[in-house]
Every structure is written in structure tokens, then in C-alpha cells.
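Down below is the structure, laid out as C-alpha cells.
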DNA sequence: TTGGCAATCTGTAACGTTTCAGTATATTGA
DNA sequence: TCAATATACTGAAACGTTACAGATTGCCAA
């Protein structure tokens with residue numbers, strides 16, 4: 104019997120079906136292999152053939168099938184951004200995402216967001232990504248001096264970039280904001296305004312930039328001859344309420360600080376509320392220098408002194424770094440440090 | 104000659120290689136097909152075999168290869184969140200993302216973020232997703248009454264959910280905040296405090312919830328017998344500076360409003376700044392009711408009156424809706440509307 | 001005994017891509 | 001002239017999965 108099952112690309116290239124290499128091969132009269140190679144500018148394809156194939160491909164809107172490529176080559180064309188989803192005012196997360204997408208916009212890469220919650224081991228999502236081969240590159244944040252995730256990925260040879268540096272004697276791409284410089288500038292600025300008893304609202308304890316910030320603060324303190332008012336019970340990933348209450352407590356003591364350096368805008372809102380709860384006035388009784396990632400603090404209180412940190416830039420740099428590493432660049436050359444702006448008072 | 108190329112899964116299951124169905128087949132002594140069917144609880148597999156296969160699979164940590172599944176079935180196990188990346192204070196974006204990831208966490212789905220910029224046609228990213236078959240489901244925001252993206256996806260039969268409703272007589276899943284109720288409540292609350300000349304800071308003009316908000320505002324105005332002070336030159340996706348300047352201008356006129364209803368927290372910061380630029384005092388000269396998505400407005404000014412909108416919830420609902428549609432549920436049953444909280448003054 | 005049928009299991013092909021190992025034709029060197 | 005070699009192209013196999021169309025077995029009714 105002649106009953107023959109008609110195969111997919113058998114006849115014409117008319118249909119609504121998405122074009123594949125087979126479609127292109129049929130249209131150009133070439134073999135699938137040749138088409139494949141022509142599209143990626145392989146050397147052993149004639150110049151004219153190459154142009155012809157590429158023209159036709161463009162005309163009919165050929166797009167390589169990601170699943171096909173991924174199955175065959177293992178290349179996913181995916182970058183994963185690993186995020187902790189249990190923090191309060193993470194408005195900067197969208198900035199990072201936008202920064203990343205900006206860079207990968209004209210590449211074949213997709214961005215996937217891989218979440219983990221506080222209760223989990225931060226290594227979990229990374230392990231998942233690596234074990235399932237779900238991404239060609241990974242971006243992590245909340246970096247620690249001795250970061251198991253970085254170590255893990257380094258061991259498996261999977262490209263990644265960290266937001267923040269590590270301190271393990273291992274080299275890998277990163278982007279960081281110079282928090283040492285930030286804290287130093289803040290202290291010097293406050294000293295310049297006659298403030299001499301300063302408190303620091305630190306980053307989360309385990310993270311690398313905690314150390315940078317604390318050191319920058321301490322070094323500048325001794326440089327300008329100011330003193331520190333310990334405020335160790337507070338860090339920026341505590342709740343607004345906690346920070347507010349503790350600040351109010353602190354400000355009701357006689358040995359209260361006359362200046363604050365705050366590592367995050369959200370915490371600063373709470374600090375100011377606490378200061379005012381204690382009946383004191385910003386700018387008169389106490390000055391506050393804060394980092395911010397969007398221009399909102401000056402709307403909040405004009406007396407605030409701000410330093411801008413650009414998270415969109417961070418996202419872009421991190422994406423560039425991962426792509427660079429994937430592309431074979433030297434990891435050591437993919438490190439960048441962002442210098443803080445000056446301390447900015449409200450510009451009338 | 105006996106030179107035989109050794110194939111991958113030929114011998115043992117020892118290696119570091121990631122286990123595949125072939126590995127499982129070898130270990131269980133079954134055929135690949137049987138293993139495949141056993142893992143998805145197909146009926147024609149013996150109960151004991153099924154258990155055995157699933158046990159072994161769990162033991163060795165088998166994870167289906169996404170590329171293989173996707174190539175064979177067309178199922179991507181991907182949800183795409185389509186975002187406009189050119190707006191100012193989009194802090195709620197991270198909330199939506201977290202809400203989505205919460206829901207898909209214990210599913211095989213990954214979340215990809217697909218950006219588009221203001222200059223582009225909003226249909227572009229959606230077209231890309233559909234044409235390349237890059238996602239099983241799509242979530243869009245900035246929904247319009249007559250939304251080409253919804254229409255497009257409806258035509259192609261690709262599951263999606265919109266953040267905000269459409270008004271095309273077509274049924275599809277959505278999640279929306281009841282902005283009609285919000286604006287109404289806000290007006291009534293202000294009227295209750297003796298305010299009678301109210302201005303509305305609207306959502307962006309083309310979006311569906313612009314209409315809902317405007318109608319809720321207007322209907323409540325006539326209900327309570329208050330009047331509107333037109334403020335059409337301003338909407339919430341303008342820049343902070345523009346809103347601030349125009350508010351200040353408005354507040355310097357003799358026929359200025361004594362109450363504002365604001366559709367977004369970021370705009371509210373600018374409104375308050377404008378009010379104060381004009382030398383007026385919040386709570387005395389004018390009251391402002393504002394939506395907010397995080398608890399920051401009361402830190403900003405205690406006199407503000409807030410209504411909370413939960414974007415994390417929106418993300419979860421949207422994800423649930425898309426997954427439901429993908430799972431074959433009736434699109435009409437996947438619509439939800441979130442009721443605003445009461446108007447909340449600062450709770451001492 | 002035989003035929004029919006349900007219950008289980010299996011091999012093959014296909015999804016779209018790239019790599020491997022070629023083949024056919026033209027070009028070169030002596 | 002012949003072989004060697006470069007040029008331009010090609011089919012088959014493989015990545016891991018699922019769907020299709022059987023194959024094998026045991027059991028029961030006739």
C-alpha cells in the first residue's frame with residue numbers, strides 16, 4: 104500500500120509554520136548543514152551562498168529555535184539573576200533588572216529571575232541552576248567575603264558576576280559601589296559641618312560591603328578626629344519599625360550622636376522618623392548623610408545629605424561582565440568599581 | 104574492524120553526567136518509553152513499576168531536560184513578565200516579580216522578564232514572545248481599554264493575564280485593583296474632613312484604570328456635593344519635577360484645591376513638595392489621600408492619608424491566572440479584583 | 001484448543017540544531 | 001597528464017524527550 108505519512112517540511116514553505124533550517128534549505132536548494140553554517144559565517148561557505156542564505160533568512164524572519172540549539176549545544180542563552188525575595192523596600196531591584204535587560208537587549212539572551220527566600224540556603228538556587236544547566240551565566244547579590252556561591256560556581260566553571268566583592272583570594276567578575284569611599288566622604292562632610300559624634304547605620308552584617316563601609320567610616324573618623332557613637336543594634340535590612348524605635352531610643356540619650364551615616368534610603372526614612380520621635384530636628388540637632396538610589400530623599404526632607412548609587416548602572420555592568428566571561432574574556436578584567444558622587448545637600 | 108564508537112549512556116550510570124531517561128531506563132532495566140510514562144503517572148504502567156521508577160528517579164535526582172521537553176512538545180515552562188523599563192519610581196515592579204515567583208516556586212516554571220522601552224510599540228515584545236514561542240504564558244501591565252496586545256494573544260490562543268482590565272467585550276484573565284472604589288473612598292473621606300474642592304492626580308491617560316479612577320472620583324464628588332479642581336496637566340507617570348512644579352503653580356492660585364487624591368506614592372511625594380513650595384501646610388490647608396504600595400508615606404508626612412495597594416498580591420494573582428489558563432481553566436473564571444483598604448490616617 | 005482482549009511494556013521516529021565524516025568539483029603543482 | 005589539495009557542499013547522527021504503533025504476556029470465554 105502506498106499510504107505514506109506526509110512529513111512536516113516535505114512540500115512547500117507556504118504554511119503558517121515557523122521557518123526552520125529545513126525551510127531555508129528547501130527555499131535555497133541547499134542542504135540543512137550548509138544553511139546552518141552559512142548563517143554563522145563559517146569559513147567554508149562560498150561568499151555568495153552565504154549572502155543568499157542570510158538574505159532569505161532575513162526575509163522570512165528566520166529565528167533559530169532555542170530548544171534545538173540548547174539541546175544540541177547545551178547553550179541556553181539565558182542569564183539568571185538570583186534574588187532574595189524577603190526584604191522590605193527593594194526598589195533598587197527593578198533598577199538592576201532594567202540595567203541587565205538594557206545590555207542583553209540586542210543579544211539572544213533572556214533574563215530569568217531566580218528567587219530564594221530567607222529561610223533557604225542561598226546556595227540552593229545556584230545549585231539548582233548549575234545542576235539543571237538552566238543558565239549560561241549567573242548574577243548574584245548580597246555577596247559575602249567568603250561566598251560559597253562564588254566558590255561553587257568557580258569550581259564548576261560556570262560564568263557569573265557578583266554584585267559586591269568577595270575576599271577569598273579568588274578572582275571573578277564583579278561590580279561594586281565603593282562603600283569605603285562613601286562612608287569616608289560622609290564622615291568628612293559631617294565633620295566639615297562641625298559634627299563630631301557620629302553613628303553608622305551599617306549594611307547587613309555578613310555581607311562584604313559591611314566591612315568596606317565600617318572601615319571607611321572608622322578610618323575617616325580617626326582622620327578627622329571625630330568619635331563613633333556605637334549603634335550596632337541596627338542594620339539596614341531590619342524592619343522600618345525596628346530601626347525607628349532604636350533610633351528614637353538612641354536619640355533620647357544624653358550621649359546621642361550629632362550625625363548619622365546611613366547605607367540605604369529606606370533605613371534613612373526610619374532614622375529620620377526616629378530622630379523626630381525623640382523631638383529633635385534634622386539639620387539643627389543632627390545631620391544625616393545617606394545613600395539613595397532614586398531622587399526621593401530630598402523630597403522627604405530637604406535637610407538630608409545624599410550620595411547617589413546607581414543600580415541601573417550596576418545591572419548593566421554585571422550583565423556586561425557575565426557576557427564577557429561567557430564570551431571568553433579574562434575574568435580578572437571584568438571587575439568594576441563605581442565611585443560615589445560627592446555628598447549632595449538639597450540644591451535650592 | 105571492531106572499532107566501535109562508544110555511545111554516551113552505553114555502559115554504567117556511574118559518571119558525573121546528569122541523569123536522563125536513558126540512565127533511568129538502564130538502572131531499572133526498563134525501556135525509555137516506560138520510564139517516561141511511569142514518571143508522569145500514565146495509566147498503562149503497572150503500579151509497582153511506577154513506584155520503582157519514581158523512587159530511583161528521586162534517588163539519583165533526575166530532572167527532565169527542559170530543552171528536550173521543549174523541543175519535543177513545544178512546552179517551554181516559561182512565564183514571561185512584560186515590563187516597560189522607562190518609568191521613574193517603579194518600586195512596585197519588584198513586588199510583582201516576587202509575587203509571581205512565590206506562585207511558580209513549586210512548579211517547573213521559570214520567570215523571564217521581557218522589557219520594552221517607551222520608544223517601542225508595546226506590541227513588539229509580545230509579538231516576539233509569540234512568534235518565537237518563548238513562553239507558555241504572558242503577563243502584561245499598563246493595560247488599555249482597547250489593548251492590542253490582549254487582542255493579539257487572544258487571536259493566537261496564547262494564555263496571558265493582564266494587570267488591569269480591558270474593555271473590548273473580550274474575556275480573559277486579569278487582576279485589577281478597584282480604582283473606582285479607591286477614588287470614591289478617597290473623595291468621601293476628604294468630604295468627611297470638610298474638604299470640598301478636590302483635585303485628582305490621575306493615572307496615565309491611555310490606561311484602563313485612568314477611566315476607573317476618574318469615574319470613581321467624579322461619581323463620589325457629585326454624591327457628596329464636592330467640586331473638582333481640574334488638574335489635567337498632571338498624571339502619575341510624569342517626572343517628579345514636573346508634578347512638583349505644576350502642583351506649586353496650582354496651589355498659588357486663589358481657587359486652589361483643599362484636597363488631593365493621588366494614584367501613586369511617587370507622585371504624592373512630588374505633590375507634597377509642590378504644596379510646601381507654595382508655602383502651604385499639609386493637613387491644615389490641604390489634605391492628600393494617596394495610594395501606596397509600601398509603608399513609606401507615613402514616614403514621609405504623618406498628615407498623609409493612605410490606601411494600600413498590594414502589588415505582591417497582584418503578582419501572585421496574575422501568576423495563578425496564567426497558570427490556570429495554561430492548565431485549561433476557563434479564562435472567565437480567572438479574573439480577580441482587589442478591594443482597597445479603608446483610607447488610613449497615621450496611627451499614632 | 002483457540003480467539004479475543006486487557007494489561008504492560010517497547011522500539012522508532014520526530015522536534016531543530018550542530019558536528020562529524022565525508023563527497024564532488026575545481027584548482028594547483030610537477 | 002596525474003595526483004594532490006583546496007573549495008564548497010552534504011547526509012547521518014546525536015542531544016533528551018514524547019507520541020505512535022506495535023509487541024508480548026496472561027487470562028478468560030467459547
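Protein chains in written order, with this note's numbering: chain A, 104 to 451; chain B, 104 to 451. Backbone N, C-alpha and C fix where the C-beta goes; we use that ideal spot for every residue, glycine too. Please read these numbers as outputs of a predicted model, since none were measured by experiment.
- Query: Where does residue 198 (chain B) land, buried or exposed, given buried means 16+ other C-beta within 10 angstroms?
  - Reply: For this step, residue 198 (chain B) is matched to residue 95 along the second chain. Its Cβ being crowded by 16 or more others within 10 Å, residue 198 (chain B) is buried.
For this session: Measure the C-alpha to C-alpha separation of residue 269 (chain A) and residue 307 (chain A) and round it to an integer number of angstroms.
Result: Reading the first chain from its first residue, position 166 is the one you call residue 269 (chain A). Reading the first chain from its first residue, position 204 is the one you call residue 307 (chain A). Their Cα atoms are separated by approximately 15 Å.
Worksheet item: Short check: CB of residue 408 (chain A) to CB of residue 375 (chain A), under 8 Å?
Response: Reading the first chain from its first residue, position 305 is the one you call residue 408 (chain A). Reading the first chain from its first residue, position 272 is the one you call residue 375 (chain A). No.
Quiz item: Between the segment 134–147 of chain A and chain B, which residues of the former have a C-beta closer than 8 Å to a C-beta of the latter?
Solution: none
From this set, B:448, B:439, B:415, which residue's C-alpha is nearest residue 206 (chain B)'s C-alpha? As a first step, residue 206 (chain B) is located in the second chain; it is residue number 103 there, counting from the start. It is B:415.
_7 Å Cβ cut-off: residues of chain B touching residue 259 (chain A)_ = Your numbering for residue 259 (chain A) matches position 156 in the first chain. Correct list: empty, because the minimum Cβ distance to chain B is about 10 Å.
- Message: Would you say residue 403 (chain A) lies against chain B (beta-carbon separation less than 8 Å)?
- Response: Taking the first chain and counting its residues from 1, one reaches residue 403 (chain A) at position 300. Answer yes: the Cβ-Cβ gap between residue 403 (chain A) and chain B drops below 8 Å somewhere.
Start and end residues, alpha helix (DSSP H) containing residue 183 (chain B): Taking the second chain and counting its residues from 1, the one referred to as residue 183 (chain B) is at position 80. Not the alpha helix (DSSP H): residue 183 (chain B) falls in the beta strand (DSSP E), residues 181–187.
inquiry  = For a cutoff of 8 Å on Cβ pairs, would you count residue 218 (chain A) as touching chain B?
reply    = Numbered from 1 along the first chain, position 115 holds the residue referred to as residue 218 (chain A). Chain B contact via Cβ: present.
Proximity of residue 324 (chain B) and residue 274 (chain B) at Cβ, strictly below 8 Å
Translated into positions along the second chain, residue 324 (chain B) becomes position 221. Translated into positions along the second chain, residue 274 (chain B) becomes position 171. No, these two residues do not count as a Cβ contact at 8 Å.
- Does the beta carbon of residue 339 (chain A) come closer than 8 Å to any beta carbon on chain B? Numbered from its first residue, the first chain carries residue 339 (chain A) at position 236. Residue 339 (chain A) does not count as touching chain B.
| request: Anything in chain A within Cβ reach of residue 208 (chain B), meaning under 8 Å, just list it in chain order. | output: Taking the first residue of the second chain as position 1, residue 208 (chain B) is located at position 105. Chain A residues near residue 208 (chain B): 218.
- prompt: Out of A:196, A:187, A:202, A:239, which has the shortest C-alpha to C-alpha gap to residue 220 (chain A)?
  reply: By one-based count along the first chain, residue 220 (chain A) stands at place 117. Answer by Cα proximity: A:187.
Practice item. Alpha carbon to alpha carbon, how far is residue 305 (chain B) from residue 332 (chain B)? Give it in angstroms, no decimals. Key: On the second chain, position 229 is the one that residue 332 (chain B) refers to. On the second chain, position 202 is the one that residue 305 (chain B) refers to. Cα to Cα, the separation comes out at about 13 Å.
_Only counting the same chain, and skipping five residues up and downstream in sequence, which positions put a Cβ closer than 7 Å to that of residue 124 (chain A)?_
For the purposes of this step, residue 124 (chain A) is identified with residue 21 of the first chain, where counting begins at 1. Answer for residue 124 (chain A): 135, 138, 139, listed in chain order.
Judging by CA-CA distance, which residue of A:439, A:128, A:272, A:179 is the nearest neighbour of residue 163 (chain A)? Sequence index remark: in the first chain, residue 163 (chain A) carries index 60 (1-based). Out of A:439, A:128, A:272, A:179, A:128 has the C-alpha closest to the C-alpha of residue 163 (chain A).
**OP:** Let me know the secondary structure DSSP gives residue 438 (chain A) once reduced to three states.
**Re:** Taking the first residue of the first chain as 1, we reach residue 438 (chain A) at position 335. Residue state, collapsed to three classes: strand.
Inset, instruction - With DSSP collapsed to three states, give me the class of residue 275 (chain B). - result: Position 172 of the second chain, counted from the first residue, corresponds to residue 275 (chain B). Residue 275 (chain B) falls in the coil class under three-state DSSP.
query: For the alpha helix (DSSP H) that contains residue 195 (chain A), what are its first and last residues?
result: Translated into positions along the first chain, residue 195 (chain A) becomes position 92. That run of the alpha helix (DSSP H) goes 195–207.
Per-residue burial, residue 330 (chain B) [other beta carbons within 10 Å of its own, 16 or more giving buried]:
Residue mapping note: residue 330 (chain B) aligns to position 227 of the second chain, counting from 1. The residue is exposed, with fewer than 16 neighbouring Cβ atoms inside 10 Å.
Exercise for the section: Within its chain, find whatever has a CB closer than 6 Å to the CB of residue 343 (chain B); leave out the 5 residues flanking it on each side and keep chain order. Expected result: Here the question's residue 343 (chain B) lines up with position 240 in the second chain. Correct list, in chain order: 373.
Assigned exposure category for residue 288 (chain B) - 16 Cβ within 10 Å defines buried
Here the question's residue 288 (chain B) lines up with position 185 in the second chain. Buried.
Exercise for review: Have a look at residue 266 (chain B) and residue 185 (chain B) and give me their C-alpha separation to the nearest angstrom.
Suggested key: Position 163 of the second chain holds residue 266 (chain B). Position 82 of the second chain holds residue 185 (chain B). Cα to Cα, residue 266 (chain B) sits roughly 11 Å from residue 185 (chain B).
| request: For residue 427 (chain A), I'd like the list of residues in its chain whose CB is within less than 6 Å of its CB, leaving aside the five on either flank, ordered along the chain. | output: Locating residue 427 (chain A) in the first chain gives position 324, counting from the first residue. These residues qualify, in order along the chain: 437.
message = For residue 419 (chain A) and residue 242 (chain A), I'd like the C-alpha separation in whole angstroms.
response = One-based indexing of the first chain puts residue 419 (chain A) at position 316. One-based indexing of the first chain puts residue 242 (chain A) at position 139. Taking the straight line from one Cα to the other gives about 11 Å.
**Interface residues of chain B facing residue 171 (chain A) [CB-CB closer than 7 Å]** = Looking up residue 171 (chain A) in the first chain gives position 68. Going along chain B in sequence order, the residues near residue 171 (chain A) (Cβ under 7 Å) are 174.
Could you check what DSSP says for residue 109 (chain A) in three-state terms: helix, strand or coil?
One-based indexing of the first chain puts residue 109 (chain A) at position 6. Legend: pLDDT at residue 109 (chain A) = 44, less than 50; position of this residue unreliable, value from coordinates given subsequently. Three-state result, residue 109 (chain A): coil.
- prompt: Which runs of the alpha helix (DSSP H) fall wholly inside the segment 294–334 of chain A and span at least 4 residues, in chain order?
  reply: 311–327
*Applying the criterion that 16 or more other CB atoms from any shown protein chain within 10 Å of the CB defines a buried residue, is residue 223 (chain A) buried or exposed?*
Locating residue 223 (chain A) in the first chain gives position 120, where the first residue counts as 1. Residue 223 (chain A) comes out exposed.
ask   = Hey, is residue 196 (chain B)'s beta-carbon within less than 8 Å of any beta-carbon in chain A?
value = Translated into the one-based positions of the second chain, residue 196 (chain B) becomes position 93. Yes, contact with chain A.
- Message: Measuring straight from C-alpha to C-alpha, what distance separates residue 181 (chain B) and residue 362 (chain A)?
- Response: Walking along the second chain from the start, residue 181 (chain B) turns up at place 78. Walking along the first chain from the start, residue 362 (chain A) turns up at place 259. For residue 181 (chain B) and residue 362 (chain A), the distance between alpha carbons rounds to 49 Å.
query = How about residue 350 (chain A): is its C-beta nearer than 8 Å to some C-beta of chain B?
reply = As a first step, residue 350 (chain A) is located in the first chain; it is residue number 247 there, counting from the start. So no, residue 350 (chain A) is outside the interface.
**Report entry** Separation of residue 340 (chain A) from residue 388 (chain A), as counted between CA atoms
**Finding:** Position 285 of the first chain, counting from 1, holds the residue named residue 388 (chain A). Position 237 of the first chain, counting from 1, holds the residue named residue 340 (chain A). Going by the C-alpha atoms only, they are around 26 Å apart.
**Prompt:** CB-CB under 8 Å to residue 318 (chain A), same chain, minus the five flanking residues each way: which ones, in chain order?
**Reply:** By 1-based counting over the first chain, the position of residue 318 (chain A) is 215. Closer than 8 Å at the Cβ level, and outside the excluded window around residue 318 (chain A), lie 283, 286.
Three-state secondary structure (DSSP) of residue 411 (chain B): Within the second chain, residue 411 (chain B) is the residue found at index 308, counting from 1. It is a strand residue.
Worksheet entry | Rounded straight-line distance, which links the Cα of residue 201 (chain A) to that of residue 194 (chain A) | Position 91 of the first chain holds residue 194 (chain A). Position 98 of the first chain holds residue 201 (chain A). So the alpha carbons of these two residues sit roughly 12 Å apart.
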